[in-house]
Amino acid sequence: MRSRFVAGNWKMNLSKPEGVALTSAIAEQKFNQQTEVVVCAPHIYLDELSNIAASNAQLHVGAQNCHFADKGAYTGEISAGQLKSVGVEYVILGHSERRTYFGETNGMLKDKVDAVFAEGLKVIFCCGEVLEERESGKQAEVVKVQLQEALGHLDASSFKDLVIAYEPVWAIGTGKTATSDQAQAMHKMIREWVAEQFGQATADAIHILYGGSCKPSNAAELFAQEDVDGGLIGGASLKAEDFLQIINA
Ligand code: PEP
9 MRSRFVAGNW KMNLSKPEGV ALTSAIAEQK FNQQTEVVVC APHIYLDELS NIAASNAQLH
69 VGAQNCHFAD KGAYTGEISA GQLKSVGVEY VILGHSERRT YFGETNGMLK DKVDAVFAEG
129 LKVIFCCGEV LEERESGKQA EVVKVQLQEA LGHLDASSFK DLVIAYEPVW AIGTGKTATS
189 DQAQAMHKMI REWVAEQFGQ ATADAIHILY GGSCKPSNAA ELFAQEDVDG GLIGGASLKA
249 EDFLQIINA
């Protein structure tokens, strides 16, 4: 039985006092034993948030990106090792906003995945199709290419440190959620891809999250699907009340 896994992606939102208050409110909660929670915050808050999260064994802190090099002349960037040094445990890679606005390719993401694993951190890897791809029925094909090009080189043992988030791009921040049937079909396909490449035991163990306008009113139905193990939550992770309702859905 896989545990429930819910991660919040704050993106470029919240001031430091707001982020501290939100993380403190989450850290005070007692979650169901089979639940893991991650808050993925702006880099400059991660040090302090890691200290707050340390009071709750089920709460972890994540970054929203990192560089693929371990150090060097990359002005404005941050390495996986630097994130690790402030207590970060997870790094989101491949979010559609990074692919779209910052030109991240599957090849770059492959290197970032390796950089994160080299530091012993965990990856939340995002994949998903845009609207035209969905409308032309290409969603499975597109997602398989994203997975193959960024993760296909790994060995099965790395998958214990990997979470996959299926995030249809047309559902992110739009208020338009995939139906539970659409989400389940894609999650099943992703789990089958993992099984074909890395074996059934790896596929049975991996967490596959749904992301895209997930909120308190639809989380329970989405999370009830056999292959949906939780969610990557954007807008609804910014308010403690909403995020906690999703965690408990
Ligand atoms: C996200 O940014 O990963 C996301 C799912 O955003 P939202 O929940 O706001 O659609």
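Counting in the working numbering, the sequence shown runs from 9 upward without gaps. All C-beta atoms in this analysis are idealised placements derived from N, C-alpha and C, irrespective of residue type, glycine included. Treat the numbers as computed from the prediction; the structure is a model and nothing was measured.
For the 8 Å CB-CB criterion, V47 and L57 form a contact. Rounded to the nearest angstrom, the gap between the Cα atoms of K146 and G136 is 11 Å. Using a Cβ-Cβ distance cut-off of 8 Å, the region 26 to 37 and the region 81 to 96 are not in contact, since fewer than three pairs of beta carbons, one from each stretch, lie closer than that value. Here N40 is exposed. Its C-beta has fewer than 16 other C-beta atoms within 10 Å. For the 8 Å CB-CB criterion, K19 and G242 form a contact. In this structure, DSSP gives R10 a state outside helix and strand, which the three-state scheme calls coil. Residue burial annotation: T185 is buried, with at least 16 other C-beta atoms found within 10 angstroms of its C-beta. Boundaries of the beta strand (DSSP E) around L101: 98 to 101. Shortest Cα-Cα distance from L170 to any of A179, V124, E200 involves V124. Here T210 is buried. Its C-beta has 16 or more other C-beta atoms within 10 Å.
Distance from the CA atom of E26 to the CA atom of Q208, rounded to whole angstroms, is 42 Å. I180 has its CB nearer than 7 Å to a heavy atom of ligand 1. Going by C-alpha positions, S23 is about 27 Å away from S225. Around A173, the same chain offers I132, C134, L217, G219, L240 as residues with beta carbons nearer than 6 Å, after the five sequence neighbours per side are excluded. Just so you know, the alpha carbons of K79 and Q90 end up roughly 9 Å apart. Annotation for G136 indicates a beta carbon at 7 Å or more from all heavy atoms of ligand 1.
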